[in-house]
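Chemist: Numbering (the UniProt record's numbering), first residue to last: 1 to 266.
A virtual CB, placed ideally from N, CA and C, is assigned to each residue, including glycine.
(1) For the beta strand (DSSP E) containing residue 134, list its first residue and its last residue.
(2) Given this structure, state the Cα-to-Cα distance separating residue 72 from residue 260, to the nearest angstrom.
(3) What are the boundary residues of the beta strand (DSSP E) that residue 146 is part of?
(4) In whole angstroms, what separates the C-alpha of residue 90 from that of residue 149?
(5) Report yes or no: do three or more beta-carbon pairs, one from the stretch 58 to 73 and one from the stretch 114 to 128, lie closer than 8 Å?
(6) Decide if residue 68 is buried, meaning its Cβ has at least 16 other Cβ atoms within 10 Å, or exposed.
(7) Would DSSP call residue 100 helix, strand or coil?
(8) For residue 203 and residue 249, what's the separation of their Cα atoms in angstroms?
(9) Comparing alpha-carbon positions, which option in 84, 240, 93, 111 lies nearest residue 55?
(10) Are the Cβ atoms of residue 167 and residue 132 separated by less than 8 Å?
(11) For residue 59, tell me which candidate among 139, 180, 195, 156 has the shortest Cα-Cα distance.
(12) Using the three-state DSSP reduction, which class does residue 164 fall into: helix, strand or coil?
(13) From residue 33 to residue 92, what does the alpha carbon distance come to, in whole angstroms?
(14) For residue 179, name the three-state secondary structure that DSSP assigns.
(15) With 16 other CB atoms within 10 Å as the buried threshold, where does residue 234 fall?
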């Protein structure tokens, strides 16, 4: 989050209290809202959950969870919105001390220092996490799935990483999906996008008619990312949904389902 987002800052103690309340709650308010309950054959490994395709495997969806969550928290929902020919992979971030949470260890893709708009960015942590995501994509390529048949997505911190990793991958992906997220260091990202300007990107954000209902990723942060990407990417969409705070909603998931189907239609 860059210097131009300093307006209307909340006092740091209020941000810390609000963040601590959200993070300490075991549900974290980060869990997806299922479209419906359905059984999926989920295979778990040490660091990720996988649901195999129900038809011939010709595409893969990789989805990255938010701060404090795990791949298990999203795998069933992503499996519901995939085409039958797509395998779903939801990796889990390593447990690490998070500065935003007083140094308490939790699953996190990189360190977060503050909710302030001018907060320091863990550039090295983002780069390390990006390498892991790129390796996961490359593994799917080695198994026979082309990069343009892979959709990379994520929620909140995972969505931020999905945008960064997806737009810096050496080959264009099939699509990038971000829920309630932002693009880290988005001004500096413009020089790194290179050949990925035609990759379809859908960025989704929650909003309340009474103001921004998301206590962690404010709508204006997502909007500032949208302002940058919409000028750079040819197939970029930014959608805002009312309600639901820092979570997901059925309308958002239905739009994501349509987006994924369109990205993988060829």
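Modeler: In short, the structure shows the following:
(1) Locating residue 134 in the chain shown gives position 134, counting from the first residue. Where residue 134 is concerned, there is no enclosing beta strand (DSSP E), although the alpha helix (DSSP H) it sits in stretches over 123 to 142.
(2) As a first step, residue 72 is located in the chain shown; it is residue number 72 there, counting from the start. As a first step, residue 260 is located in the chain shown; it is residue number 260 there, counting from the start. Rounded to whole angstroms, residue 72 to residue 260 spans 20 Å at the Cα level.
(3) Walking along the chain shown from the start, residue 146 turns up at place 146. Per DSSP, residue 146 belongs to no beta strand (DSSP E) and is neither H nor E.
(4) Counted from its first residue, the chain shown places residue 90 at position 90. Counted from its first residue, the chain shown places residue 149 at position 149. Between residue 90 and residue 149, the C-alpha separation is close to 17 Å.
(5) no
(6) Along the chain shown, one-based indexing puts residue 68 at 68. Its Cβ being crowded by 16 or more others within 10 Å, residue 68 is buried.
(7) Numbered from 1 along the chain shown, position 100 holds the residue referred to as residue 100. Here DSSP, grouped into helix, strand and coil, assigns residue 100 to helix.
(8) Here residue 203 corresponds to residue number 203 of the chain shown, with the count starting at 1. Here residue 249 corresponds to residue number 249 of the chain shown, with the count starting at 1. Looking at the two C-alpha atoms, the distance is approximately 14 Å.
(9) Mapped onto the chain shown, residue 55 falls at position 55. Looking at the Cα atoms, 84 is the closest of the given residues.
(10) If you number the chain shown from 1, residue 167 lands on position 167. If you number the chain shown from 1, residue 132 lands on position 132. Not in contact: residue 167 and residue 132 (Cβ atoms no closer than 8 Å).
(11) Here residue 59 corresponds to residue number 59 of the chain shown, with the count starting at 1. Ranking the options by Cα distance to residue 59, first place goes to 139.
(12) Residue numbering aside, residue 164 sits at position 164 when the chain shown is read from its first letter. Residue 164 falls in the helix class under three-state DSSP.
(13) The count along the chain shown starts at 1 and reaches residue 33 at position 33. The count along the chain shown starts at 1 and reaches residue 92 at position 92. Note that residue 33 scores 44 on pLDDT, short of 50, meaning its location in the model is unreliable and no value can be drawn from it.
(14) For the purposes of this step, residue 179 is identified with residue 179 of the chain shown, where counting begins at 1. Collapsing the DSSP output to three states places residue 179 in a strand.
(15) In the chain shown, counting from the first residue as 1, residue 234 sits at position 234. Per the 10 Å Cβ criterion, exposed.
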